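Enquirer:
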Amino acid sequence: MPEGHVLHRAARLQGKRFNGCEVAVESPQGRFSAGADQLDGQTLEVIEAKGKHLFYRFESSDVLHIHLGLFGKFRLSRPPFPEPSPACRVLMSTSDDQLHLAGPNQCEILDPEATADVMDRLGPDPLRGPADGAEDFGRRLSTRKIPIGRAIMDQKIVSGIGNVYRSELLFMLGIDPFTPANKLGVDDVERLWALTVDELKAGERLGRIVTVTPDDSDGAKRRELAAGERLYAYKRDGKSCRRCHEPIVCADIDGRNVWWCRSCQH
DNA sequence: GTGTCATGCGTAT
DNA sequence: TACGCCTGACACG
506 MPEGHVLHRA ARLQGKRFNG CEVAVESPQG RFSAGADQLD GQTLEVIEAK
556 GKHLFYRFES SDVLHIHLGL FGKFRLSRPP FPEPSPACRV LMSTSDDQLH
606 LAGPNQCEIL DPEATADVMD RLGPDPLRGP ADGAEDFGRR LSTRKIPIGR
656 AIMDQKIVSG IGNVYRSELL FMLGIDPFTP ANKLGVDDVE RLWALTVDEL
706 KAGERLGRIV TVTPDDSDGA KRRELAAGER LYAYKRDGKS CRRCHEPIVC
756 ADIDGRNVWW CRSCQH
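Residues 506 to 771 (the working numbering) make up the first sequence, in order.
#1: Inspect the CB distances between the segment 642-655 and the segment 675-687 and report whether three or more fall short of 8 Å.
#2: Within the segment 654-715, note down every full alpha helix (DSSP H) run reaching 4 residues or more, in order along the chain.
#3: DSSP on Phe642, reduced to helix/strand/coil?
#4: Using three-state DSSP, classify Arg728 as helix, strand or coil.
#5: Under a three-way DSSP split, which group does Pro585 fall into?
#6: How long is the line joining the alpha carbons of Asp721 and Cys749, rounded to whole angstroms?
#7: Return the bridge partner residues of Ile651 from the DSSP annotation.
#8: Taking 8 Å as the threshold, find out whether the segment 595-610 comes into contact with the segment 562-579 through three or more Cβ pairs.
#9: For Ala539 versus Val530, is the C-beta distance shorter than 8 Å?
#10: Taking only three categories from DSSP, how would you classify His558?
#11: Would the segment 509-516 and the segment 700-709 be scored as touching if the rule is three or more Cβ pairs under 8 Å?
#12: So Leu615 and Val694 are in contact, right, with Cβ under 8 Å, and what is the actual spacing, rounded?
#13: Do you know how far the Cα of Lys726 is from the Cα of Arg522?
#14: Within the same chain, show all residues whose beta-carbon is closer than 7 Å to that of Ser565, passing over the 5 residues directly before and after it, in chain order.
#15: Would you identify the three-state DSSP class for Leu627, choosing helix, strand or coil?
#16: Would DSSP call Lys744 helix, strand or coil?
#17: Does Gly690 pass the burial test, meaning 16 or more other C-beta atoms within 10 Å, or should it be called exposed?
#18: Can you name, in chain order, every residue of its own chain whose Cβ lies under 8 Å from the Cβ of Gly743, other than the five neighbours on each side?
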């Protein structure tokens, strides 16, 4: 269940184990057998993330492109390796480490040009720290009349934000999700970019999304907050706002739910 | 066991 | 706007 922080964390943790290693690749499920054969025995040079996409660059210049979609999951293990699930699309191993992938939306081999095309289609990624990120993000928002709550889910505008971060970021800045994207002030755009960078980084480090900060949690550290205490808005409809105690509300934008506080966000 | 739901996205209508 | 795609966890009987 991946937003951008999950993919960057995967690139970092998997990279520690596999970058520079000759890997065995198979597809127990069989749906990626030809691709697995092509990669089997090659040296994996580096794993890279942009937005919600992962790119595994191999010595031959083959690039394994993975997008987890809604269901995809990675599992890393050390020997003795567990039995792969029947749905295991890709199993990548060295003698010391094994990566198990099930349920990806996309799993394909690209050449470097096609890889660049995929990356170019994505908006700036807050976790890649582009120097002009805020300006680029602002430019992409400025021409759009769609609600900001829809715009920040559009991976061509900013890459890596998903449904949890959408509700959380807008709550934290007091922005109504239905505000037209092009009506956001320069200050709000900058604050939104900066907060997105901070929150995605925190999620990458922690391995989970925790936005509630000590001020709103009696000083408890983020890492220690129990499930149900970690978020401000996401899936909290009917519960009381952690800041003003009015009820959190929920609406559908493009078939995905958004949660917000009518009193704090406008 | 069956049904439902989910942190996503592309394509068709 | 609807549907298809991919999997697994959990609620319910």
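All C-beta atoms in this analysis are idealised placements derived from N, C-alpha and C, irrespective of residue type, glycine included. Since the model is a prediction, treat every value here as computed from it, not as a measurement.
Expert: The short version:
#1: yes
#2: 668-678 and 691-711
#3: Numbered from 1 along the first sequence, position 137 holds the residue referred to as residue 642. Reduced to three states, the DSSP call for Phe642 is helix.
#4: Position 223 of the first sequence holds residue 728. Three-state DSSP puts Arg728 in a helix.
#5: Here residue 585 refers to the residue found at position 80 of the first sequence. Of the three classes helix, strand and coil, the one that applies to Pro585 here is coil, per DSSP.
#6: As a position in the first sequence, residue 721 is number 216, starting the count at 1. As a position in the first sequence, residue 749 is number 244, starting the count at 1. Whole-angstrom Cα-Cα distance: 11 Å.
#7: Sequence index remark: in the first sequence, residue 651 carries index 146 (1-based). Paired residue(s): none; Ile651 is not in a bridge.
#8: In the pairwise beta carbon analysis, the segment 595-610 is classified as touching the segment 562-579: at least three pairs are separated by under 8 Å.
#9: Taking the first residue of the first sequence as position 1, residue 539 is located at position 34. Taking the first residue of the first sequence as position 1, residue 530 is located at position 25. No, Cβ-Cβ distance for Ala539 and Val530 is not below 8 Å.
#10: Counted from its first residue, the first sequence places residue 558 at position 53. His558 falls in the strand class under three-state DSSP.
#11: yes
#12: Along the first sequence, read from residue 1 onward, the residue named residue 615 stands at position 110. Along the first sequence, read from residue 1 onward, the residue named residue 694 stands at position 189. Going by Cβ atoms, the distance from Leu615 to Val694 rounds to 33 Å, so no, they are not a contact pair.
#13: Taking the first sequence and counting its residues from 1, the one referred to as residue 522 is at position 17. Taking the first sequence and counting its residues from 1, the one referred to as residue 726 is at position 221. Using only the alpha carbons, I get a separation of about 30 Å.
#14: Taking the first residue of the first sequence as position 1, residue 565 is located at position 60. These residues qualify, in order along the chain: Gln547.
#15: For the purposes of this step, residue 627 is identified with residue 122 of the first sequence, where counting begins at 1. Residue state, collapsed to three classes: coil.
#16: The residue given as residue 744 occupies position 239 in the first sequence. Reduced to three states, the DSSP call for Lys744 is coil.
#17: Within the first sequence, numbered from 1, the residue matching residue 690 stands at position 185. Exposed is the call here.
#18: The residue you call residue 743 lines up with position 238 of the first sequence. Correct list, in chain order: Pro752 and Ile753.
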